[in-house]
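Heads up: the structure comes next, in structure tokens.
2 protein chains.
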Amino acid sequence: MGKKHTNDSFQSGTNDGSDGRGEQDQHQREQDTSAPTPSERLPTLDERNISVLRRVGNEWRRFSGNPEVWRDALPVDPSLGTYPDHAEIRPTRFGRFVRVFLQSEPPTVEATSAAEVPPSLLGRIGYYLKRIVLGAPLKSSAIVHERMRKLVALAVLSADALSSVAYGPEAILAILVLGGSAALTYTPPIAAVIAFLMLTVGLSYRQTIRAYPHGGGSYIVASDNLGHVPGLVAAAGLLTDYILTVAVSVSSGIAAITSAIPSLAQAIVPLGVGVIVVLLAGNLRGVRQAGVIFAAPTYAFIFAIFTLVIVGLSQAAGRGFHPIPPPPLPAMEAVSVLLLLRAFASGSTAMTGIEAISNAVPAFQPVEWRNARTTLTWMVGLLIALFVGTITLIHLYGVVPNAHETILSQLAHRSFDSGFMYAFTQAATAAILLMAANTAYNDFPRVLFLLARDRYAPRTFLRMGDRLAFSNGIILLSVIATVIYVVFGGKTDLLIPLYAVGVFLAFTLSQAGMVVHWWRLRDAHWRRSLFFNAIGCLLSAIVFLTAGLTKFTEGAWVALLTIGLFILVAMRIRRHYDLAAQALALQAGVIEVPQPQRLPALVSGVEAGLAEAEETPEEIHHLVIVLVASLDRASMRALAYAASLQQPVLVLHLSSTEEDAKRFRDYWHLWGDHLPLAVIVSPYRAIVAPIVKYIEVLHWQRPDLTVTVILPEIVVRHWWHRILHGQTASQLRHALRPLPKIVVTTIPFHLPD
Amino acid sequence: MGKKHTNDSFQSGTNDGSDGRGEQDQHQREQDTSAPTPSERLPTLDERNISVLRRVGNEWRRFSGNPEVWRDALPVDPSLGTYPDHAEIRPTRFGRFVRVFLQSEPPTVEATSAAEVPPSLLGRIGYYLKRIVLGAPLKSSAIVHERMRKLVALAVLSADALSSVAYGPEAILAILVLGGSAALTYTPPIAAVIAFLMLTVGLSYRQTIRAYPHGGGSYIVASDNLGHVPGLVAAAGLLTDYILTVAVSVSSGIAAITSAIPSLAQAIVPLGVGVIVVLLAGNLRGVRQAGVIFAAPTYAFIFAIFTLVIVGLSQAAGRGFHPIPPPPLPAMEAVSVLLLLRAFASGSTAMTGIEAISNAVPAFQPVEWRNARTTLTWMVGLLIALFVGTITLIHLYGVVPNAHETILSQLAHRSFDSGFMYAFTQAATAAILLMAANTAYNDFPRVLFLLARDRYAPRTFLRMGDRLAFSNGIILLSVIATVIYVVFGGKTDLLIPLYAVGVFLAFTLSQAGMVVHWWRLRDAHWRRSLFFNAIGCLLSAIVFLTAGLTKFTEGAWVALLTIGLFILVAMRIRRHYDLAAQALALQAGVIEVPQPQRLPALVSGVEAGLAEAEETPEEIHHLVIVLVASLDRASMRALAYAASLQQPVLVLHLSSTEEDAKRFRDYWHLWGDHLPLAVIVSPYRAIVAPIVKYIEVLHWQRPDLTVTVILPEIVVRHWWHRILHGQTASQLRHALRPLPKIVVTTIPFHLPD
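Structure, rendered in structure tokens:
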């Protein structure tokens with residue numbers, strides 16, 4: 001992404017947060033748009049933040065004096081100096097050895113991968129199973145930016161687009177047959193329009209590659225040039241596209257297999273779910289995109305289809321290219337413009353994946369954009385050739401859709417009978433479809449990452465897993481795709497209506513963004529580029545509208561609704577993060593001391609943020625409340641802990657009867673009455689609520705106090721022992737959570753068994 | 001319970017806990033054996049505990065000096081004196097008013113019932129729904145010990161026993177018909193044996209009433225006289241008995257209804273579950289045992305059956321008492337001794353509930369034991385009369401079991417046709433069976449309470465709910481009974497084989513306990529009492545063995561296995577509580593300071609109990625560790641909090657790259673380097689595990705330190721916002737839980753939205 005693109009509409013959106021995150025966004029985006037950073041990064045501070053930080057630091061100086069004193073008072077060595085290098089420490093009874101290395105002075109220690117091994121036996125078994133499936137964890141520094149040769153890139157990046165030939169033509173026919181055999185004569189003209197569309201959109205994306213040599217996905221192009229909301233719309237289109245790519249490719253790949261082996265037709269759903277699980281595991285493991293193994297299916301598929309077309313044409317030549325008329329089929333509805341438009345919209349799914357190369361420009365060898373353009377040209381050429389070839393054969397052979405066998409399989413049967421070439425064709429089809437699904441596994445988490453970086457998606461999608469893959473996005477994709485696949489019973493034709501909408505929405509916005517881009521830039525060839533993009537935009541928009549309107553009741557409404565909801569949610573997420581950033585920003589010296597009289601504001605917690613503004617130790621005024629149920633060792637330790645903090649302490653005891661309350665007081669006197677005690681009688685036997693209400697009232701008395709509630713908690717070794725001890729401590733922790741300025745301290749007492 | 005009974009074998013069992021709980025048990029048991037205390041009580045301290053408490057208090061004196069100083073330093077008024085009496089405080093935006101009254105000086109406050117109302121809207125809706133179903137909460141002081149007149153007591157306490165007539169005779173015939181119609185001639189002799197058994201067991205329980213005027217349930221009698229294990233066996237028998245009483249009474253009651261209204265036969269399972277839900281709600285609401293409404297079904301049933309018998313006999317008199325031969329039925333198996341024994345075992349279920357009066361002696365008007373004995377005599381008389389009458393009619397009319405209609409319904413049809421008396425009989429049968437199920441709802445939680453008091457069951461069964469009912473026991477009974485009812489499809493005949501085993505096991509042990517009791521006591525009539533109890537014990541044992549052996553494969557094995565498992569679990573629970581009590585007991589001045597070299601012991605947490613022995617503030621040595629992810633306001637507040645404690649502080653930061661680590665250090669310098677900082681680089685991007693391991697190593701350096709880990713935590717207003725903020729704080733809290741001497745302090749930062 002060129003520096004020039006960061007100062008427009010997108011930037012304006014990030015400025016309303018007052019915390020300088022806009023700055024940070026820009027920093028990160030400039031650094032690497034296409035190659036995401038390995039994990040959530042430390043936010044970069046801007047000038048304002050730095051000056052506030054300095055000011056807060058100065059206020060601390062009054063309190064802390066010389067930092068050296070603190071350091072000398074430290075009873076442990078944070079650099080683990082006394083901990084022998086390479087020494088072993090057993091975390092638990094069955095623990096594996098964990099090494100923590102000292103790396104540099106001042107103390108920075110580095111965790112080894114063994115630090116991840118969980119302490120419990122079950123946890124460890126789970127951990128090793130995970131390691132067996134996913135492989136050893138990878139260091140952040142292990143991230144590499146691959147460069148692909150054109151021949152490899154063509155295969156890897158065009159799997160999604162070319163594999164569409166496996167279902168695109170069939171999608172056209174599936175609609176047309178509703179008008180009876182006669183309607184099938186409209187197949188060639190519809191296919192011609194789609195082929196023209198492929199050419200135009202391909203030319204349009206050539207312009208995108210030139211303008212975004214660092215990778216120009218639809219989300220980036222749309223949000224850069226058109227603003228947030230169009231960017232989000234494009235992202236929503238892309239995400240639904242990727243989800244459906246998985247569902248459609250898997251269902252179509254399974255159809256290729258069941259066409260060849262009809263006995264598997266019963267197991268469509270479990271087979272498909274199995275494939276998604278394999279894709280999930282493979283991608284969590286971090287499957288590399290490049291390599292011959294990933295190129296093979298694409299070339300095999302190209303070879304298979306070309307052979308099919310050549311053999312088919314030569315057989316047809318023997319008949320003088322006279323088309324075999326399709327079998328007579330009853331018309332379910334009249335041949336209308338609407339039917340033709342629906343067939344067109346369905347067929348346009350053959351174009352999905354055409355944008356892949358423009359996303360991945362940095363993965364090419366230098367000069368990246370030039371190589372990417374060449375590859376794109378080749379891909380579009382191949383796509384058109386395969387698509388037109390297939391449609392021609394279908395027309396010549398009068399093949400019609402069949403619930404048990406795909407059209408491609410029918411063609412292959414006619415050309416190759418059931419021999420090796422037939423099996424090869426079906427296998428190559430299944431393989432390239434699997435590759436196409438895998439492409440979605442690369443792209444879906446990346447879009448989520450970009451959204452999360454711009455704070456439109458949960459932060460968790462910024463995090464890379466053990467194997468440097470965006471595990472959360474990968475898991476989310478698998479779950480949604482599986483649900484959709486199962487709900488639709490793995491039937492490709494039912495999924496198609498949902499598909500085109502998202503893709504062409506993203507295409508349209510991406511091209512529209514490019515039009516704006518060229519209009520603003522006006523460099524050497526801007527007129528030509530703008531022209532191509534405008535045509536691409538217009539045609540994409542027409543397809544989007546056609547698909548959205550004609551397929552609305554068939555399922556497009558689901559896709560549109562999802563996109564709409566997604567945008568709403570994304571905006572809410574952004575708003576939340578902006579407010580959170582504002583609340584969390586340092587604001588040296590602007591603390592409002594709450595007034596004791598302002599009761600609702602304090603107790604309600606609504607304005608809690610304001611009340612929790614202490615930034616220096618001097619501002620913290622303590623009250624320690626210890627909850628004591630009986631005078632056992634766990635409670636005594638909690639009392640000792642509280643007293644040792646040398647802050648005002650109040651001990652709280654809850655009795656269900658006045659008799660018990662009196663008895664507790666007696667014991668308290670016996671002990672020596674060392675700390676102030678308050679007893680609450682709870683005649684209705686409630687425990688949590690009266691304690692919480694009491695603490696609320698104390699807080700109302702002195703809202704400036706930070707109240708530390710100390711809970712002695714019995715910790716048992718086995719989870720089933722928890723039933724024996726009640727959960728009062730965790731219930732209280734939960735109930736105290738929403739209250740402002742209440743700090744909860746849990747003092748564990750570990751039972752031996 | 002007489003004082004004399006507390007000094008025998010049971011007592012010896014509680015002495016092995018060194019914490020004086022044995023003392024406490026005795027205290028409680030003497031006070032009220034039959035009327036449980038309203039909730040978990042404050043443990044009573046014995047002499048040893050008191051002296052240890054004093055010693056610990058003396059050690060505190062060195063640290064705390066004058067307690068007055070502490071009290072004066074308190075920044076709030078614990079008696080809420082500045083909080084105006086009757087003033088209102090809004091706990092949250094939608095909060096109801098809550099009043100907390102100052103009750104006495106020194107500060108004791110009492111919570112009103114409004115203190116229980118939860119703050120959130122959903123929580124409040126749930127709370128009010130609960131209140132509508134269950135009624136307003138009751139104060140502990142509202143518990144009353146009812147006294148029943150004999151006529152009421154007879155009705156209330158004999159519902160369980162008398163209702164057995166509804167399924168007992170049928171259970172005999174259900175087995176005998178397997179031997180064909182000829183086998184049915186054995187019905188009268190088998191019934192005679194059972195009637196004799198009723199008489200004997202009744203006489204036996206008369207002795208129990210005399211010996212245990214405060215209520216002598218099987219668990220108490222068996223554990224008092226025979227020791228723990230027999231007590232537990234009896235308790236296990238009782239608990240299975242009560243569960244099956246609910247299942248069998250409900251299924252039998254539904255059968256009475258479906259016999260009258262056959263169209264309901266499809267809905268047996270949902271009807272039964274519905275009845276259990278009503279019983280659950282009614283008992284959670286705290287249904288009183290006494291009152292005319294509870295006496296009515298019993299008298300109605302007695303009236304109905306007597307009328308049935310008289311009408312039937314008078315009709316039979318017209319035929320000269322010639323029995324109508326039963327319809328010819330094919331024999332499924334030969335008439336063998338085994339078949340007769342099985343029929344006998346099944347029929348003995350007619351005796352269930354005979355022990356009810358001996359449990360409830362204190363509920364009678366004075367002189368309690370005398371009134372109770374009279375009532376028992378009446379009950380046994382009625383039971384025998386109803387049982388024998390029913391059997392006679394069955395024999396005279398040659399009635400045989402039928403899947404669609406109960407035998408009682410068949411008899412009623414013959415005597416009354418389908419008129420009002422028939423409907424009355426069926427309604428009275430259903431009603432008394434419902435009452436019998438309700439009896440189990442009173443007894444099951446009571447036995448669990450007694451077990452929990454003796455630490456054989458989770459402490460939670462000691463607690464009374466809002467309405468002074470033992471809610472947890474009631475819920476448990478409902479859940480188990482529902483599962484059994486549903487699994488057996490609500491079929492009475494399938495449930496019968498499980499039933500007799502538990503009942504007669506409890507009977508046997510109870511009578512055996514009485515034999516030992518009389519042998520030890522040797523008061524005025526001890527020989528006669530011992531004789532009756534010995535006979536009762538012997539006969540009960542024979543029935544138990546017969547039922548256990550002959551019904552083993554039919555389902556008795558389930559009951560026996562359950563009883564065995566129950567005993568094992570109860571013993572484990574007791575062991576756990578004993579160990580916990582030992583670990584929690586105060587032990588002034590016997591602290592072992594752990595040695596830094598003893599690595600495995602410290603880090604494993606196995607011997608954690610020993611390491612957590614501090615009882616005075618002087619023994620606590622602090623290290624405060626603050627986890628900081630970035631320098632925002634939440635972190636700064638956590639740093640300020642940590643520093644304000646004036647204890648050694650170490651700040652911990654985790655970076656996933658060295659570059660980020662360096663940047664954080666730079667910011668730290670900008671701030672002023674006020675606290676010692678350690679940075680962990682986690683190149684594998686793990687967060688929780690490296691931090692926990694690091695803290696473990698620090699703890700290994702200085703095992704004497706109490707390490708307080710301070711976690712700043714973002715608290716959001718809506719649960720769905722949690723997805724946006726990660727759960728690192730709660731994951732860390734969870735991971736740090738098993739480590740000894742690690743105190744976890746959560747400092748919340750509340751986001752405004």
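Order-wise, the sequence lines are chains B and F.
Anchor point for the first sequence: position 391 equals 391 in full-length UniProt numbering, and the numbering is continuous, going up by one each time.
Anchor point for the second sequence: position 97 equals 97 in full-length UniProt numbering, and the numbering is continuous, going up by one each time.
All C-beta atoms in this analysis are idealised placements derived from N, C-alpha and C, irrespective of residue type, glycine included.
- Apart from sequence neighbours up to five positions away, the residues of its chain that approach B:Thr708 with a beta-carbon distance below 6 Å are Val624, Val743, Thr745, ordered along the chain.
- A contact between stretches requires three or more CB pairs, one per stretch, nearer than 8 Å, and the region 361-375 of chain B fails this requirement with the region 218-228 of chain B.
- C-alpha of F:Val229 to C-alpha of F:Ile243: approximately 21 Å in a straight line.
- CA-CA distance, F:Val361 to F:His214, rounds to 6 Å.
- When Cβ pairs closer than 8 Å are counted between the two stretches, the region 178-193 of chain F is seen to touch the region 342-355 of chain F, the count reaching three or more.
- B:Glu658 carries a helical assignment under DSSP once its states are collapsed to helix, strand and coil.
- By the neighbour-count criterion, in which 16 or more other beta carbons inside 10 Å mark a residue as buried, F:Ser655 falls on the buried side.
- Remark: fewer than three beta-carbon pairs, one from each stretch, lie closer than 8 Å, so the region 516-535 of chain F and the region 485-502 of chain F are not flagged as touching.
- One alpha carbon belongs to B:Leu396, the other to B:Phe321, and they sit about 7 Å apart.
- The C-beta distance from B:Pro169 to B:Ile407 rounds to 6 Å, short enough to fall under 8 Å.
- Boundaries of the alpha helix (DSSP H) around F:His576: 557-584.
- Assignment of B:Val250 by DSSP, reduced to helix, strand and coil, places it in the helix class.
- Take F:Ile268, set aside five residues on each side of it, and the residues of its chain with a beta-carbon closer than 6 Å to its own are Ile254, Gly490, in chain order.
- A check of alpha carbon separations from B:Val715 across B:Gln701, B:Thr706, B:Arg702, B:Ser730 identifies B:Ser730 as the nearest.
- Three or more beta-carbon pairs separated by less than 8 Å are not found between the region 665-676 of chain B and the region 672-686 of chain F, which leaves the two stretches without contact.
- Sixteen is the threshold: since fewer than 16 other Cβ atoms of the shown chains lie within 10 Å of the Cβ of F:Asp417, the residue is exposed.
- Taken atom to atom, the span from the alpha-carbon of B:Val688 to that of F:Ala735 is near 25 Å.
- A straight line joining the alpha-carbon of B:Leu650 with that of F:Asp466 spans about 28 Å.
- Put simply, the backbone Cα of F:Leu565 is about 18 Å away from that of F:Ala481.
- When the beta-carbon positions are compared, F:Leu308 and F:Ala412 come within less than 8 Å of each other.
- Contact annotation: in the region 616-632 of chain B, residues whose CB is within less than 9 Å of a CB in chain F are Thr616, Pro617, Glu618, Glu619, Ile620, His621, His622, Leu623, Ala629, Ser630, Leu631, Asp632.
- In the structure shown, F:Glu116 falls within a helical segment according to DSSP collapsed to helix, strand and coil.
- Counting only the Cα atoms, F:Thr460 lies some 14 Å from B:Trp720.
- When Cβ-Cβ separations below 8 Å define contact, F:Leu313 makes no contact with chain B.
- Rounded to whole angstroms, the separation of the alpha carbons of F:Arg54 and F:Arg61 is 11 Å.
- Among the CB atoms of chain B, none fall inside 8 Å of the CB of F:Thr562.
- F:Leu739 has its alpha-carbon roughly 9 Å from the corresponding atom of B:Pro748.
- Taking 8 Å as the CB threshold, B:Val483 stays off the interface with chain F.
- F:Lys150 is positioned such that its CB atom lies closer than 8 Å to that of F:Thr375.
- DSSP places F:Thr745 inside the beta strand (DSSP E), whose first and last residues are 742-750.
- For the pair B:Leu448 and B:Ala437, the CB atoms are not nearer than the 8 Å cut-off.
- The DSSP-derived three-state label of B:Ile625 is strand.
- B:Met435 carries a helical assignment under DSSP once its states are collapsed to helix, strand and coil.
- Counting the other Cβ atoms within 10 Å of the Cβ of B:Leu698 gives 16 or more, which makes it buried.
- As for any alpha helix (DSSP H) of minimum length 4 sitting wholly inside the region 116-143 of chain F, the runs are 121-134, ordered along the chain.
- If you look at F:Glu368, you'll find it in the alpha helix (DSSP H) that goes 368-397.
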